[in-house]
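**Student:** Input: one structure, supplied below.
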Amino acid sequence: MGKKTVDFIKSTAGMVLIVTILVGAMVHITTGNFFTAYNISTLTRAASFIIIVSFGQTLVLLTGGIDLSVAAVGSVCSMFAATFMVEMGMNAYLAIIISCLLGLFFGAINGFFISYLKITPFIVTLATGEIYKGIVYIITKGMPIVGVPENAQFIANGVIGGIIPTVSIIMVVICIILTIMLKRTKFGRHIFALGGNRNCAKIVGIKTERVEMLVYCLSGLLAATAGVLMTCKLASFQASIGANWVMPSVTATVLGGTSMTGGVGGVVGTVIGGLLSGTISTSITLLRVSSYWETVVTGGVVLIAVVIDAMKENPILREKVVRLVKRK
Numbered sequence: 001m002g003k004k005t006v007d008f009i010k011s012t013a014g015m016v017l018i019v020t021i022l023v024g025a026m027v028h029i030t031t032g033n034f035f036t037a038y039n040i041s042t043l044t045r046a047a048s049f050i051i052i053v054s055f056g057q058t059l060v061l062l063t064g065g066i067d068l069s070v071a072a073v074g075s076v077c078s079m080f081a082a083t084f085m086v087e088m089g090m091n092a093y094l095a096i097i098i099s100c101l102l103g104l105f106f107g108a109i110n111g112f113f114i115s116y117l118k119i120t121p122f123i124v125t126l127a128t129g130e131i132y133k134g135i136v137y138i139i140t141k142g143m144p145i146v147g148v149p150e151n152a153q154f155i156a157n158g159v160i161g162g163i164i165p166t167v168s169i170i171m172v173v174i175c176i177i178l179t180i181m182l183k184r185t186k187f188g189r190h191i192f193a194l195g196g197n198r199n200c201a202k203i204v205g206i207k208t209e210r211v212e213m214l215v216y217c218l219s220g221l222l223a224a225t226a227g228v229l230m231t232c233k234l235a236s237f238q239a240s241i242g243a244n245w246v247m248p249s250v251t252a253t254v255l256g257g258t259s260m261t262g263g264v265g266g267v268v269g270t271v272i273g274g275l276l277s278g279t280i281s282t283s284i285t286l287l288r289v290s291s292y293w294e295t296v297v298t299g300g301v302v303l304i305a306v307v308i309d310a311m312k313e314n315p316i317l318r319e320k321v322v323r324l325v326k327r328k
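If you count the sequence shown from 1, position 328 lands on 328 in the UniProt record's numbering, and the numbers rise without skipping.
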């Protein structure tokens, strides 16, 4: 094996990928239903929505921040998409584009308060998330908006070649674009620099406020994209869309090897983290175990990933853990 392959296997994302394959293999041996075309297609379709949201969370975490408003942004933008298409009769594709751009606007609001007014990301995104969620209920009174056109439904429900979900293709395309952005552009390097050491980034001339602002804009755009796609999948807007996206988006990101302190990670790892979360959910269903165990297992896996990440970054903590294990 080449050095890059060995390094990947040793990385958090590599270990998570191995765990994902092993879990799938064990479930398939037990049930005989995991590695089937239908199940893999269903798993990847379901995981693609949260992975797209997690891409935005990854960019934010790379700068050392966090975005707790992704769920609300996804919900409010999906509401606008349904309103434009159903109640205003707007062209479906135009409605989708405008709604996604609204997500960029909502992300810009977060970015302004965080990057220019220097308010803690946790507080800003928690507050704006509540505002965006409130807007949804004020406008819709919690009622659904049904009747999304069929051409819009195909974007999220379509299948290419009888097995590949269209939403998964969209997810992969976004992943490729973001990977190129992070690895091959000056903006991508600035994101890592900002998360690695903000003060040093400023000293070398990086406009940290602008970088941070753009990152939150992208997070809003990606959350909106996932929300709009979910509306297309359901053929209607539901106020519950995106309600539980915050924790899963952080989960997929952390499992994929992105550091909570910033400066380390990437979107390819996020895809792997999202697939592990989807594998856990699917496995619990196939094994006919109570769905309540899903959150317990996922939480445990995330905790282990965070501890491993902390040990990598903190040699003192690593030595303490090693000593503790040796004593036992």
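A virtual CB, placed ideally from N, CA and C, is assigned to each residue, including glycine. Note that the structure is predicted; figures quoted are calculated from it, not measured.
#1: For the pair the stretch 172-181 and the stretch 101-115, tell me if three or more CB-CB distances fall below 8 Å.
#2: Alpha carbon to alpha carbon, how far is residue 229 from residue 46?
#3: Measuring alpha carbon to alpha carbon, tell me which residue in 270, 219, 274, 97 is nearest residue 65.
#4: Consult DSSP for residue 149 and reduce its assignment to one of helix, strand or coil.
#5: Give a yes or no on whether the C-beta atoms belonging to residue 276 and residue 6 are separated by under 7 Å.
#6: Which residue or residues does DSSP assign as beta-bridge partners of residue 159?
#7: Span of the alpha helix (DSSP H) holding residue 90?
#8: Could you tell me which residues DSSP pairs with residue 237 in its beta bridges?
#9: If we call anything under 7 Å between Cβ atoms a contact, is residue 144 one with residue 48?
#10: What number of angstroms, rounded off, separates the C-alpha of residue 244 from the C-alpha of residue 81?
#11: What residue range is occupied by the uninterrupted alpha helix (DSSP H) comprising residue 50?
#12: Whole-angstrom Cβ separation of residue 54 and residue 270, contact assumed at under 8 Å?
#13: Do the CB positions of residue 303 and residue 221 come within less than 7 Å of each other?
#14: Among the candidates 266, 297, 157, whose CA atom is the shortest distance from the CA of residue 11?
#15: Buried or exposed for residue 161, going by 16 or more other Cβ atoms inside 10 Å?
#16: For residue 207, which three-state DSSP category applies?
#17: Measure the C-alpha to C-alpha separation of residue 36 and residue 124 and round it to an integer number of angstroms.
#18: Would you check if the distance between the CB atom of residue 27 and the CB atom of residue 286 is smaller than 7 Å?
#19: Answer yes or no: do residue 148 and residue 79 have a C-beta to C-beta separation smaller than 7 Å?
#20: Flag this pair as yes or no: are the beta carbons of residue 192 and residue 263 separated by less than 7 Å?
#21: Given residue 72, which residues of its chain have a CB within under 6 Å of its CB, disregarding the five upstream and five downstream residues?
#22: Alpha carbon to alpha carbon, how far is residue 252 from residue 268? Give it in angstroms, no decimals.
#23: Output the distance between the C-alpha atoms of residue 90 and residue 146, rounded to the nearest integer angstrom.
#24: Which whole runs of the alpha helix (DSSP H) in the stretch 245-271 are 4 residues long or more, in chain order?
#25: Do the CB positions of residue 241 and residue 257 come within less than 7 Å of each other?
#26: Which same chain residues end up closer than 7 Å to residue 140 when comparing Cβ atoms and leaving out the 5 residues on each side of it in sequence?
**Tutor:** Judging by the given coordinates:
#1: no
#2: 11 Å
#3: 219
#4: coil
#5: no
#6: 165
#7: Where residue 90 is concerned, there is no enclosing alpha helix (DSSP H), given that its DSSP letter is neither H nor E.
#8: 145
#9: no
#10: 20 Å
#11: 37-62
#12: 5 Å
#13: no
#14: 266
#15: exposed
#16: coil
#17: 44 Å
#18: yes
#19: no
#20: yes
#21: 129, 132, 133
#22: 11 Å
#23: 15 Å
#24: 246-255
#25: no
#26: 79, 239
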